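Below: the structure, in structure tokens.
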Amino acid sequence: MFTNSKLAKSVKLACAFGAASTIGFTGAVNAQETEEAMEAVEKISVTGSRIRRADLESASPVTVINREDLVLTGLTDVGDFIQSLPSMSGSPIGTTTNNGGDGSVQINLRGLGSVRTLTLVNGKRVVDGGDYQAIPATMIERVEILKDGSSAVYGADAVAGVVNIITRKDFEGVDVTLQTADWFDTNGGGQDQLSIVFGKTFDKGNFVFGMERVDQDEVFQADTPWDFMQNSYYIYPAGCEAQVAAPYDGTPQGGCYPVGSSRIPESRLPFYSQGTFLIGTPASAENQAGLMIPHDGRTYNYAPVNYLQTPFERTNIFAEANYEISDKVQFSAEFRGNQRTSAQQLAPLPFTGGDPMYNGFYDDPATGNTVAFTGISQDNYYLRQAVDNYNQANGLTGADALTYEPVVNPRRRMIETNRRFEQDITQYQWNAQLNGELDNGMYWEVFVGEGHRSNSSQDFGQFAGSRLFNALGPSADLDGDGVPECYADVNNPGTLIQGCVPLNLFGGGQVDEAGVPVVTTLTQDMLDYVSLDTVDSIVQKQRLAGANISGYGFDLQGGELGWSVGWSYWRQSLNNILDSAKTIGAVTGNVGASTSGSLVNNSVFGEVYAPFFDNGEQTLSATVGVRYDDWDAFDSGTTFQVGLEGTVVENLKLRSTYGTVFRAPTISDLFGGVVDSFPTYVDPCIPPEGQALPAGCAQVGVQLDTQVNAKVGGNPDIQPEEGDTFTVGVVYSPSIGEHDFTFIADYWSVELEDGITSLGVNRILSDCYVNELEAACGLITRNPDYSINNIVDTQLNLATFTAEGVDVEMRWTHENELGLWNAGIIYTNLMERSEQQTADSDVVDFAGLFVGSSFPEHKANIQLRWAKDDWSVAILGEYIGEQESDVSPFAAFLPEGYRQKIDAELYTDVTVNYSYESVRITAGITNVTDEAPPFIDGGFNGSTDPSTYRMFGRGYFLRLNWTY
Numbered sequence: 001m002f003t004n005s006k007l008a009k010s011v012k013l014a015c016a017f018g019a020a021s022t023i024g025f026t027g028a029v030n031a032q033e034t035e036e037a038m039e040a041v042e043k044i045s046v047t048g049s050r051i052r053r054a055d056l057e058s059a060s061p062v063t064v065i066n067r068e069d070l071v072l073t074g075l076t077d078v079g080d081f082i083q084s085l086p087s088m089s090g091s092p093i094g095t096t097t098n099n100g101g102d103g104s105v106q107i108n109l110r111g112l113g114s115v116r117t118l119t120l121v122n123g124k125r126v127v128d129g130g131d132y133q134a135i136p137a138t139m140i141e142r143v144e145i146l147k148d149g150s151s152a153v154y155g156a157d158a159v160a161g162v163v164n165i166i167t168r169k170d171f172e173g174v175d176v177t178l179q180t181a182d183w184f185d186t187n188g189g190g191q192d193q194l195s196i197v198f199g200k201t202f203d204k205g206n207f208v209f210g211m212e213r214v215d216q217d218e219v220f221q222a223d224t225p226w227d228f229m230q231n232s233y234y235i236y237p238a239g240c241e242a243q244v245a246a247p248y249d250g251t252p253q254g255g256c257y258p259v260g261s262s263r264i265p266e267s268r269l270p271f272y273s274q275g276t277f278l279i280g281t282p283a284s285a286e287n288q289a290g291l292m293i294p295h296d297g298r299t300y301n302y303a304p305v306n307y308l309q310t311p312f313e314r315t316n317i318f319a320e321a322n323y324e325i326s327d328k329v330q331f332s333a334e335f336r337g338n339q340r341t342s343a344q345q346l347a348p349l350p351f352t353g354g355d356p357m358y359n360g361f362y363d364d365p366a367t368g369n370t371v372a373f374t375g376i377s378q379d380n381y382y383l384r385q386a387v388d389n390y391n392q393a394n395g396l397t398g399a400d401a402l403t404y405e406p407v408v409n410p411r412r413r414m415i416e417t418n419r420r421f422e423q424d425i426t427q428y429q430w431n432a433q434l435n436g437e438l439d440n441g442m443y444w445e446v447f448v449g450e451g452h453r454s455n456s457s458q459d460f461g462q463f464a465g466s467r468l469f470n471a472l473g474p475s476a477d478l479d480g481d482g483v484p485e486c487y488a489d490v491n492n493p494g495t496l497i498q499g500c501v502p503l504n505l506f507g508g509g510q511v512d513e514a515g516v517p518v519v520t521t522l523t524q525d526m527l528d529y530v531s532l533d534t535v536d537s538i539v540q541k542q543r544l545a546g547a548n549i550s551g552y553g554f555d556l557q558g559g560e561l562g563w564s565v566g567w568s569y570w571r572q573s574l575n576n577i578l579d580s581a582k583t584i585g586a587v588t589g590n591v592g593a594s595t596s597g598s599l600v601n602n603s604v605f606g607e608v609y610a611p612f613f614d615n616g617e618q619t620l621s622a623t624v625g626v627r628y629d630d631w632d633a634f635d636s637g638t639t640f641q642v643g644l645e646g647t648v649v650e651n652l653k654l655r656s657t658y659g660t661v662f663r664a665p666t667i668s669d670l671f672g673g674v675v676d677s678f679p680t681y682v683d684p685c686i687p688p689e690g691q692a693l694p695a696g697c698a699q700v701g702v703q704l705d706t707q708v709n710a711k712v713g714g715n716p717d718i719q720p721e722e723g724d725t726f727t728v729g730v731v732y733s734p735s736i737g738e739h740d741f742t743f744i745a746d747y748w749s750v751e752l753e754d755g756i757t758s759l760g761v762n763r764i765l766s767d768c769y770v771n772e773l774e775a776a777c778g779l780i781t782r783n784p785d786y787s788i789n790n791i792v793d794t795q796l797n798l799a800t801f802t803a804e805g806v807d808v809e810m811r812w813t814h815e816n817e818l819g820l821w822n823a824g825i826i827y828t829n830l831m832e833r834s835e836q837q838t839a840d841s842d843v844v845d846f847a848g849l850f851v852g853s854s855f856p857e858h859k860a861n862i863q864l865r866w867a868k869d870d871w872s873v874a875i876l877g878e879y880i881g882e883q884e885s886d887v888s889p890f891a892a893f894l895p896e897g898y899r900q901k902i903d904a905e906l907y908t909d910v911t912v913n914y915s916y917e918s919v920r921i922t923a924g925i926t927n928v929t930d931e932a933p934p935f936i937d938g939g940f941n942g943s944t945d946p947s948t949y950r951m952f953g954r955g956y957f958l959r960l961n962w963t964y
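Residues in the sequence shown are numbered consecutively from 1, following our numbering.
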């Protein structure tokens, strides 16, 4: 009968005795049992090679996470757990990514970007590219993380490494798990999980079926206990970060500078020639204008009403079956399905210049010329009423009175609506394979698979451009009922625009400290007329096929020569069809073009394992792999990898790998439609006081906000990234008395050429106005007042990426009359993470810096566990080293060379397990010391880094598991 019990046992034994790096800790096994088990273990393959070996140690560094480690953390998103490992850095998308998030959970090995880490499930690619929301924790047997580039084995994307999820295949019985988790001092954010796994073994095989349901609640920034999340602060001048929310007084001893948005509920109303006003006193009745006052510089605090944790509801199902067709041929199949709804919510719509408005003409009395404008018509009912109210309240008549002239590019925070983004995702993937053994000892495998992912993505709180044109155009109350109507010409009743409701941007509005509206003057009729909810359709498909055969050849002094050859086919397609209102720019918010395209890859590959020497004490072996990838959209490529490993003395092993890597452009890199993005920026044409205007600036600029509209998208001329990786390490695993020790250290480096990236808006601005490069200036569009309208920042082959560091792991296991003790630490020193955008650019090293993403030099996970009889206790530690922030919207105003210091963080969790017969109870306290997230100047979400640090203080989880 064919099952995977031997595979599971051999891997567990390998982990227990240091064959692979692992943060899991297994029980003690005596020497006789070990020797007998190893003799019985069949040759198998593990992540990083297709050659089956009885010795699971390899030249490549592999970290193994077992199921027990996931249970101890209380996390249901395995991606969150993996990202907390020391080998991960950068700040990938997670469920605490609100602005810029999409409900997915991603990981970032070596800080080289999520797209450079390959995610596999049982050795096969996933259709979503690495969304860990689609991988339920309940189906995982273990996770193998290959921490060197492996393009020669797995092809494109395996640049930083590979994460291979191994699922539960030989489970028999019923397993039911209930879990709830919440926070002590943060309102909301609770999470509930229910999972069921059923497995059955029969005469010629087995099958496993499972289902998992997870619901997570939202958290607004206002719901957290941290003062700095209740407003938007910036270090200005330097030195205020120790008392962020203290009253700002402009000195280092005062608090940080609160900077809100120029889009305020009271409206920012720049008249054509008479200055800028706002509504100082809101209207007291519907369809009335409030009282204007000159703009006093006030801003809107958008922080409290943003999500900090995004809600989701997800259901995952999975099924696996194995069937023995004959003694030497087995069939296996697997199916996974995922359904998820998730949401992000930002502050209400910031209606602003660049959004659709009324386009009209105005006869300028000062010049006698007719000028075109975009904004609010001079014949607008509410504009005229507001001008009349202002003149009357201030006693202005004749030449001193405010006149009816257009408002140009008004700004208003639409507090009456929620700006919300929702995803409804349905995904499935299946794989089927035949594998077997030939009479001559060779192993073969043939497989096929398909995946499909559809996402109906809805945007709420946007406004329709054509209706804004009408609603902000001419209007009047010609029928005298107190409610104005829209007209093409207010002097001609026959030009009535049927159904149009004029939009009152002169009524004003107010919010309380939590950002909740307390005065609103946009009526429901107004909102109903201009509102437009949009729907984007995103469909990803994948088709896989392949075959490989492996075996052993002639004998070498150290053993048999192993080999493997194979072929694979991979077709992927993406259709991201934006709502038509977005594609024609007829809606507020982000607009742009759709994306549609496909990529096809055929590859052939081979490996050789050569054990050159083995005298019983010393060994020496080598592995060589080569792969040829043929792509239909760009140049083909060949990659290779060489590994060397050897035992020097008993329990001491040296290992090293060198290989070339290859990352293919994604469909979005190649064919992505140009769409809106809003990164933070600093206009170099607004120099600090006392500094000269850069030579490339025509005049002093105008910057009313910290974000700018960037046009981002693909480039069909993009070529693949190419580079190389190198690792060298040592594994030492002695036993001293009753104590077992393991020490593992690996040096690693990655270098990529022709990196696919964009310049970034601040680099483009600097190249244009400081370096006076004409090509860069052509990417920038400015408004007549010299404020920036947009910057084109599409993908290019520009950068050199490098990463370098050291991984260290130490483990100790001991059993005595008090119980079984395990302790361990895994640590990564990120020595370098640099980029050079062009050959003429400076090399910028991110190690130790926050640059919009976090790259701490030092990260560590610590674990101490005790177990005896039915009880076990674990203390878990997560250490994140100190950083310096190199990002600030006001960097030009800070002292030269100043960087904000971000203190190191140590999070401590305690978990207690009790087992009674078939029931297991797990309770945990997370972040026991209630550490607050750090304030980070320029942190895009919540003024911190939600992907790296813990957001909500002390929490707890309770887990009940029943197995039958």
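Positions of the beta carbon are idealized from the N, C-alpha and C atoms, including for glycine. It should be emphasised that the depicted structure is a prediction, and the values quoted were computed from it without experimental measurement.
query, result
"Terminal residues of the beta strand (DSSP E) in which residue 606 lies", "595–614"
"Segments of 4+ residues assigned as alpha helix (DSSP H) that fall wholly inside the segment 652–727", "667–671"
"Residue 821 to residue 908 span [Cα, whole Å]", "19 Å"
"Which of helix, strand or coil DSSP assigns to residue 135", "coil"
"Uninterrupted beta strand (DSSP E) stretches inside the segment 752–809 (no shorter than 3 residues)", "780–782 and 788–792"
"Span separating the alpha-carbon of residue 964 from that of residue 170", "15 Å"
"Exposure of residue 582, with buried meaning 16 or more beta-carbon neighbours within 10 Å", "buried"
"Beta-carbon gap between residue 489 and residue 456 smaller than 8 Å", "no"
"For residue 846, three-class secondary structure by DSSP", "coil"
"Bridge partner(s) assigned by DSSP for residue 350", "413"
"For residue 860, the first and last residue of its enclosing beta strand (DSSP E)", "858–868"
"Validate contact between the segment 570–578 and the segment 68–82 using beta carbons, cut 8 Å, 3 pairs", "no"
"Cβ-based neighbour list, residue 777, same chain, cut-off 6 Å, excluding 5 preceding and 5 following", "768"
"Three-state secondary structure assigned by DSSP to residue 71", "helix"
"CB-CB length for residue 159 against residue 750, believed under 8 Å", "7 Å"
"Assigned exposure category for residue 567 - 16 Cβ within 10 Å defines buried", "exposed"
"Residues near residue 888 in its chain [Cβ-Cβ closer than 7 Å; skip 5 each side]", "234, 235, 894, 937 and 938"
"Which residues DSSP lists as bridging residue 320, in chain order", "208 and 334"
"Euclidean distance between Cα positions of residue 961 and residue 878", "26 Å"
"Segments of 3+ residues assigned as beta strand (DSSP E) that fall wholly inside the segment 925–959", "none"
"At least three beta-carbon pairs within less than 8 Å, the segment 691–701 to the segment 647–658", "no"
"Close Cβ partners of residue 746 (< 6 Å) along its chain, the five nearest in sequence each way excluded", "61, 727, 729 and 807"
"Euclidean distance between Cα positions of residue 826 and residue 141", "21 Å"
"Cβ pair residue 640, residue 660 closer than 8 Å", "yes"
"Nearest candidate by alpha-carbon position, reference residue 708, set 665, 735 and 762", "762"
"Cβ shell of residue 138 (< 7 Å), same chain only, five flanking positions each side left out", "177, 195, 197, 210 and 212"
"For residue 82, the first and last residue of its enclosing alpha helix (DSSP H)", "78–83"
"Closest by C-alpha distance to residue 351, when choosing among 686, 463, 99 and 900", "463"
"For residue 899, the three-state DSSP class (helix, strand or coil)", "coil"
"Residues bridged to residue 161 (per DSSP)", "117"
"Identity of the residue in 803, 558, 890 and 519 nearest residue 831 by Cα", "803"
"Which listed residue (200, 565 and 458) has its alpha carbon closest to that of residue 608", "565"
"Opening and closing residue of the alpha helix (DSSP H) in which residue 127 lies", "Segment: none, residue 127 is in no alpha helix (DSSP H) and carries neither H nor E."
"Assumed close pair residue 712, residue 793 - CB separation to whole angstroms, cut-off 8 Å", "5 Å"
"Neighbourhood of residue 478 by C-beta distance below 6 Å, restricted to the same chain and skipping five residues each side", "493"
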